[in-house]
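Peer 1: Protein chains in written order, with my numbering: chain A, 3 to 268; chain B, 3 to 268.
Okay, here's the structure, questions in a sec.
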DNA sequence: CTAAATAATTGATAAATATCAATTCTATAC
DNA sequence: GTATAGAATTGATATTTATCAATTATTTAG
């Protein structure tokens, strides 16, 4: 028990790679998931020039607040964040979790204001990409424009996947699909897809999935009893992925892309 | 009763404006909602040149199918469509409704394939915008690139609004928010926001909102009993918008934009 | 215009999830 | 290290919504 907690702490430390903060796009391990994809040489340096690397955020620090004016989009380098919106009844509604390589702020371009707030779930570093500069550079570099449009399209696609989830399913389907989604995203970033640490609380998960915390907790318990997962607090091991996919009621869209698919059509 | 049905039919006819089908972007009433926004003169003609106006779709005809290869994005000129995805259990899950001025296909850019199908809910005409040409032209015209990014951002924003809805609320909150959303979208297109016809079935609404048809039907009945709406089949009159907003648990993001806001930052 | 098919409504019951309450576990501050 | 606050779990109950079944209304096809 004590040991597992130790593991958790060790891993949290490993995630924060302060050396990486100053690394150029060229060297960045997220290169393939990020805007620089398919840009090279002098063009890559132009992009590199407009990107600002901010000091890491501590846990619970905000990257931006609701209603804050939109100037930049952000890419997570390490750590993770949640985005959330206030609701009338003074509650907050979690709208997303953001892992390394994922973008934040794309929903703010239209109105010029952030419709949601972003808060770090752990020590987290991000790259800031001033949007005006990015637009300007995209004007010069067709492949950058294309990649930007692709990433925005992916965001739309991912949101619709989630809508499928929230719209229809039972509590167990929602949680199962959530865990598989996190697993897949870790895998795409070069981490294990079978074993990982959740940086968000059960409360955040419940809120995100539109369930009560108690229900989420009970589902974790049930999944363990049924041998689908091992869960020790935030440490999760996927034991029976196939069954979880069945429970999640997944269609082929949600499954892991083959190498072919993941290359897309750059 | 007979009369109301008549009204319904008349309105359906009015929506289909065959003359409009050949009209250039310059003349199109959706100009301000669409890609041509903030483009004029020779540039507008360039855009106009790449846009194809397709023959109107009949009710239940498909604009594109799931898995179909992505070549173009589409703008609804008149009529309406639903998009939907197949689920494992052979059902379909409705992912969106698309009214005049709204775009379809943005979720397909990333993978190059349509993750959902689009089917006309009534006689419907669309503009087809070949995506390669649009990308090329956006490369030339900064304001077009900007508008394209804005529209994609709006799509992301709208999807997240819906997620807020599906994630948390009760059946009555969902239906109320749905009706208010449709109302607002009609208003933005110059139609009445207090009285309109729903082109989709109760089944589609229920599916979209993640509820059983029976539940939706009961909610319509309850809303009428409580004097919130008048509903005669597909004909809806909003009687107490304020109360509906309360029930929907809306935050300021969902409300009608002021003139200021609706100008955005073009 | 009539018959058949489809869509919508209504009622009764079952199932799922939220809520309330209490307890245990974990992390944090001193 | 201990005390305290916060997070997670578990149980009992209430509420909501889905499901099943039947009826009515509307649209479509001939």
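Quick reminder that beta carbons are idealized off the backbone N, C-alpha and C, glycines included.
Tell me which residue opens and which closes the beta strand (DSSP E) that residue 95 (chain A) is part of.
Peer 2: Taking the first chain and counting its residues from 1, one reaches residue 95 (chain A) at position 93. Run containing residue 95 (chain A): 94 to 100, per the beta strand (DSSP E) assignment.
Peer 1: Exposed or buried, what is residue 209 (chain B) when buried is set at 16 or more other beta-carbons lying within 10 Å of its beta-carbon?
Peer 2: For this step, residue 209 (chain B) is matched to residue 207 along the second chain. Label assigned to residue 209 (chain B): buried.
Peer 1: I'd like the ranges of any alpha helix (DSSP H) spanning at least 4 consecutive residues and lying wholly in the region 168 to 250 of chain B.
Peer 2: For the region 168 to 250 of chain B, whole alpha helix (DSSP H) runs of length 4 or above, ordered along the chain, are 173 to 190, 204 to 211, 215 to 227 and 243 to 250.
Peer 1: Can you pull the chain B neighbours of residue 152 (chain A), defined as C-beta to C-beta under 8 Å?
Peer 2: Walking along the first chain from the start, residue 152 (chain A) turns up at place 150. Ordered by position in chain B, the residues that pass the 8 Å Cβ test against residue 152 (chain A) are 111 and 112.
Peer 1: Taking a cut of 7 Å between CB atoms, which residues from the region 126 to 139 of chain A lie near chain B?
Peer 2: Here the close residues are 137.
Peer 1: With H, G and I counted as helix, E and B as strand and the rest as coil, what does DSSP make of residue 143 (chain A)?
Peer 2: Walking along the first chain from the start, residue 143 (chain A) turns up at place 141. Coil, per DSSP.
Peer 1: Are three or more beta carbon pairs between the region 112 to 130 of chain B and the region 227 to 240 of chain B nearer than 8 Å?
Peer 2: Segments in contact, no.
Peer 1: Which residues in chain B sit within 9 Å of residue 203 (chain A), going by Cβ to Cβ distance?
Peer 2: In the first chain, counting from the first residue as 1, residue 203 (chain A) sits at position 201. Residues of chain B passing the Cβ test: none, with the nearest at roughly 16 Å.
Peer 1: Could you tell me which residues DSSP puts in a beta bridge with residue 80 (chain A)?
Peer 2: On the first chain, position 78 is the one that residue 80 (chain A) refers to. Note: residue 80 (chain A) sits in a beta bridge opposite A:127.
Peer 1: From the beta carbon of residue 118 (chain B), is the nearest beta carbon of chain A less than 9 Å away?
Peer 2: As a position in the second chain, residue 118 (chain B) is number 116, starting the count at 1. Residue 118 (chain B) counts as touching chain A.
Peer 1: Mind the definition here: the region 84 to 94 of chain B touches the region 30 to 45 of chain B only if three or more C-beta pairs lie below 8 Å; say whether that holds.
Peer 2: Counting Cβ pairs under 8 Å, fewer than three are found: no touch.
Peer 1: Could you tell me whether the Cβ of residue 190 (chain A) comes closer than 9 Å to any Cβ of chain B?
Peer 2: Numbered from 1 along the first chain, position 188 holds the residue referred to as residue 190 (chain A). Answer no: the Cβ-Cβ gap between residue 190 (chain A) and chain B never drops below 9 Å.
Peer 1: Please confirm whether residue 54 (chain A) has its beta-carbon closer than 9 Å to some beta-carbon of chain B.
Peer 2: Reading the first chain from its first residue, position 52 is the one you call residue 54 (chain A). For residue 54 (chain A), the answer is no, since every Cβ of chain B falls outside 9 Å of its Cβ.
Peer 1: Quick one: which residues of the region 164 to 180 of chain A get their C-beta closer than 7 Å to a C-beta of chain B? List them in chain order.
Peer 2: Within the region 164 to 180 of chain A, the residues whose Cβ lies closer than 7 Å to some Cβ of chain B are 164, 165, 166, 168, 169 and 170, listed in chain order.
Peer 1: I'd like to confirm the pairing. Which residues does DSSP put opposite residue 64 (chain B) in its beta bridges?
Peer 2: For this step, residue 64 (chain B) is matched to residue 62 along the second chain. Answer is B:121, bridged to residue 64 (chain B).
Peer 1: Is residue 106 (chain B) helix, strand or coil when you go by DSSP?
Peer 2: What you label residue 106 (chain B) is simply residue 104 of the second chain in a count that begins at 1. Correct three-state label for residue 106 (chain B): strand.
Peer 1: Can you check whether the CB of residue 125 (chain A) is closer than 9 Å to the CB of residue 59 (chain A)?
Peer 2: Counting from one through the first chain, the residue named residue 59 (chain A) turns up at place 57. Counting from one through the first chain, the residue named residue 125 (chain A) turns up at place 123. Cβ distance < 9 Å, so residue 59 (chain A) and residue 125 (chain A) count as in contact.
Peer 1: Given a threshold of 16 other Cβ atoms within 10 Å of its Cβ, counted over all protein chains shown, does residue 156 (chain B) qualify as buried or as exposed?
Peer 2: Taking the second chain and counting its residues from 1, one reaches residue 156 (chain B) at position 154. Counting Cβ neighbours within 10 Å, residue 156 (chain B) comes out buried, since at least 16 surround it.
Peer 1: Does the beta carbon of residue 240 (chain A) sit closer than 9 Å to a beta carbon anywhere in chain B?
Peer 2: Position 238 of the first chain, counting from 1, holds the residue named residue 240 (chain A). No, because no Cβ of chain B sits closer than 9 Å to the Cβ of residue 240 (chain A).
Peer 1: Would you kindly work out how many angstroms separate the C-alpha atoms of residue 251 (chain A) and residue 202 (chain A), rounded to a whole number?
Peer 2: On the first chain, residue 251 (chain A) is found 249 positions in, with the first residue counted as 1. On the first chain, residue 202 (chain A) is found 200 positions in, with the first residue counted as 1. If you take the alpha carbons of residue 251 (chain A) and residue 202 (chain A), they lie about 24 Å apart.
Peer 1: Alpha helix (DSSP H) containing residue 47 (chain A): first to last residue?
Peer 2: Position 45 of the first chain, counted from the start, is the residue given in the question as residue 47 (chain A). First-last of the alpha helix (DSSP H) with residue 47 (chain A): 43 to 52.
Peer 1: Identify whether residue 71 (chain A) lies in helix, strand or coil by the three-state DSSP scheme.
Peer 2: The sequence position of residue 71 (chain A) within the first chain is 69, counting from 1. In the structure shown, residue 71 (chain A) sits in a strand (DSSP, three-state: E or B).
Peer 1: Taking residue 234 (chain B) as the reference, give the member of B:176, B:198 and B:214 with the closest Cα.
Peer 2: For this step, residue 234 (chain B) is matched to residue 232 along the second chain. The shortest Cα separation from residue 234 (chain B) among B:176, B:198 and B:214 belongs to B:198.
Peer 1: State the DSSP-derived secondary structure class of residue 113 (chain A), mapped to helix, strand or coil.
Peer 2: One-based indexing of the first chain puts residue 113 (chain A) at position 111. Coil.
Peer 1: Please name the residue or residues paired with residue 59 (chain B) in a DSSP beta bridge.
Peer 2: As a working mapping, residue 59 (chain B) is identified with position 57 in the second chain. B:126, per the DSSP bridge assignment.
Peer 1: Answer with yes or no whether the minimum CB distance from residue 108 (chain B) to chain A is below 9 Å.
Peer 2: Counting from one through the second chain, the residue named residue 108 (chain B) turns up at place 106. True, the Cβ-Cβ gap to chain A drops below 9 Å.
Peer 1: Does DSSP classify residue 155 (chain A) as helix, strand or coil?
Peer 2: Sequence index remark: in the first chain, residue 155 (chain A) carries index 153 (1-based). Helix.
Peer 1: Please report how far the alpha carbon of residue 109 (chain A) lies from the alpha carbon of residue 43 (chain A), in whole angstroms.
Peer 2: Numbered from its first residue, the first chain carries residue 109 (chain A) at position 107. Numbered from its first residue, the first chain carries residue 43 (chain A) at position 41. The alpha-carbon atoms of residue 109 (chain A) and residue 43 (chain A) are separated by roughly 30 Å.
Peer 1: How would you call residue 169 (chain A), buried or exposed, if buried means at least 16 neighbouring beta carbons within 10 angstroms?
Peer 2: On the first chain, position 167 is the one that residue 169 (chain A) refers to. By the 10 Å Cβ count, residue 169 (chain A) comes out buried.
Peer 1: Does any C-beta atom of chain B lie closer than 9 Å to the C-beta of residue 209 (chain A)?
Peer 2: Taking the first chain and counting its residues from 1, one reaches residue 209 (chain A) at position 207. Chain B contact via Cβ: present.
Peer 1: Please classify residue 192 (chain B): is it buried, with 16 or more other beta-carbons within 10 angstroms of its beta-carbon, or exposed?
Peer 2: Position 190 of the second chain, counting from 1, holds the residue named residue 192 (chain B). So residue 192 (chain B) ends up on the exposed side.
Peer 1: Using alpha carbons as the reference points, say which of A:87, A:47, A:54 and A:52 lies closest to residue 314 (chain A).
Peer 2: Nothing about residue 314 (chain A) can be read from this structure; chain A reaches only from 3 to 268.
Peer 1: According to the neighbour-count rule (16 or more other Cβ atoms, all chains shown, within 10 Å of its Cβ), is residue 67 (chain B) buried or exposed?
Peer 2: Translated into the one-based positions of the second chain, residue 67 (chain B) becomes position 65. Exposed is the call here.
Peer 1: Based on Cα-Cα distance, which residue from A:90, A:61 and A:151 lies nearest to residue 113 (chain B)?
Peer 2: Walking along the second chain from the start, residue 113 (chain B) turns up at place 111. If we check each option's Cα against that of residue 113 (chain B), A:151 comes out closest.
Peer 1: Quick one: does residue 156 (chain A) have its CB under 9 Å from some CB of chain B?
Peer 2: By one-based count along the first chain, residue 156 (chain A) stands at place 154. Yes, because at least one Cβ of chain B sits closer than 9 Å to the Cβ of residue 156 (chain A).
Peer 1: Counting only beta-carbon atoms, is residue 2 (chain B) nearer than 9 Å to chain A?
Peer 2: As displayed, chain B neither begins before 3 nor continues past 268, which places residue 2 (chain B) out of reach and without an answer.
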